[in-house]
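Visitor:
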Amino acid sequence: MALYLTSSPTGAYRGEKSTFEGLDPSNGLLEELYKDWKKNSRCLLICADPKAYEQNDQMGEFLEDRLLKSDLDICSFAVCDYRNVESVMHNLSEYDFIILGGGHVPTQNQFFEFIHLRHLLHQFKGSLMGISAGSMNCAEEVYAQPEL
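Taking the working numbering, the leading residue of the sequence shown gets 8, the next gets one more, and so forth.
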């Protein structure tokens with residue numbers, strides 16, 4: 008499995024405006040993704056807050072748009088939260104590219120434990136990208152500064 012750990016692959020963070028379409032090409036991430044990307048990829052965003060349905064849908068649309076604008080070939084893009092967790096987790100091996108979304112690290116960690124994501128990923132053959140909290144939750148131990 009190819010693993011990409013990022014803070015913000017789109018370059019934009021908290022209201023800052025990007026100077027490019029798609030993913031941020033400045034650090035070589037896009038070049039590496041091109042090497043591993045499968046034609047007609049089936050993508051899955053596993054959200055940080057499984058109850059934030061509207062926000063999750065918006066993030067899914069945003070990331071799908073950014074991947075397409077980066078000339079990454081996609082045949083489907085799904086969002087995983089509490090609305091569809093059972094069906095998605097039973098079919099995880101059907102996806103080629105999984106994104107672990109950004110958000111609140113402890114909330115996402117609880118969701119990952121609830122769906123037994125670590126166990127499910129043992130059989131996953133595609134590529135995985137963590138964004139912010141998603142990257143931190145890939146580690147065994149994380150030292151994060153308190154938000155407040």
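Virtual Cβ for every residue (Gly too), placed ideally from N, Cα, C.
1. Whole angstroms are fine: how far does the CA of residue 105 sit from the CA of residue 14?
2. Going by the DSSP bridge assignment, what does residue 49 pair with across the sheet?
3. Measuring CA to CA, which of 100, 37, 133, 9 is closest to residue 17?
4. Can residue 67 and residue 85 be called in contact, C-beta distance under 9 Å?
5. Spatial neighbours of residue 40 within its chain, please: C-beta separation below 6 Å, excluding the five flanking residues on both sides.
6. Just how far apart, CA to CA, sit residue 103 and residue 33?
7. Enumerate in chain order the residues of its own chain whose CB-to-CB distance from residue 50 is below 6 Å, with the five nearest sequence positions on each side excluded.
8. My understanding is that residue 131 touches residue 99, with C-beta atoms under 8 Å, so please give their C-beta distance in whole angstroms.
9. Using the Cβ count rule (16 or more neighbours within 10 Å means buried), how would you classify residue 71?
10. Could you have a look at residue 96 and say whether DSSP puts it in helix, strand or coil?
11. From residue 9 to residue 75, what does the alpha carbon distance come to, in whole angstroms?
Guide: Reading from the atomic positions:
1. Here the question's residue 14 lines up with position 7 in the sequence shown. Here the question's residue 105 lines up with position 98 in the sequence shown. Looking at the two C-alpha atoms, the distance is approximately 16 Å.
2. Translated into positions along the sequence shown, residue 49 becomes position 42. Answer by DSSP bridge pairing, in chain order: 83.
3. Translated into the one-based positions of the sequence shown, residue 17 becomes position 10. Nearest of 100, 37, 133, 9 to residue 17, Cα basis: 37.
4. As a working note, residue 67 is residue 60 in the sequence shown. As a working note, residue 85 is residue 78 in the sequence shown. It is a contact, given that the beta carbons lie within the stated cut-off.
5. As a working note, residue 40 is residue 33 in the sequence shown. Excluding its 5 nearest sequence neighbours in each direction, residue 40 has no C-beta neighbour in its own chain below 6 Å.
6. Your numbering for residue 103 matches position 96 in the sequence shown. Your numbering for residue 33 matches position 26 in the sequence shown. Per the coordinates, the alpha-carbon of residue 103 lies some 24 Å from the alpha-carbon of residue 33.
7. Residue numbering aside, residue 50 sits at position 43 when the sequence shown is read from its first letter. Closer than 6 Å at Cβ, skipping near neighbours: 81, 84, 104.
8. If you number the sequence shown from 1, residue 131 lands on position 124. If you number the sequence shown from 1, residue 99 lands on position 92. Right, the Cβ-Cβ distance comes to about 6 Å (below 8 Å), so this counts as a contact.
9. The count along the sequence shown starts at 1 and reaches residue 71 at position 64. By the neighbour-count rule (16 or more Cβ atoms within 10 Å), residue 71 is buried.
10. The sequence position of residue 96 within the sequence shown is 89, counting from 1. Note: residue 96 maps to helix in three-state DSSP.
11. Sequence index remark: in the sequence shown, residue 9 carries index 2 (1-based). Sequence index remark: in the sequence shown, residue 75 carries index 68 (1-based). Distance between the alpha carbons of residue 9 and residue 75 is about 20 Å.
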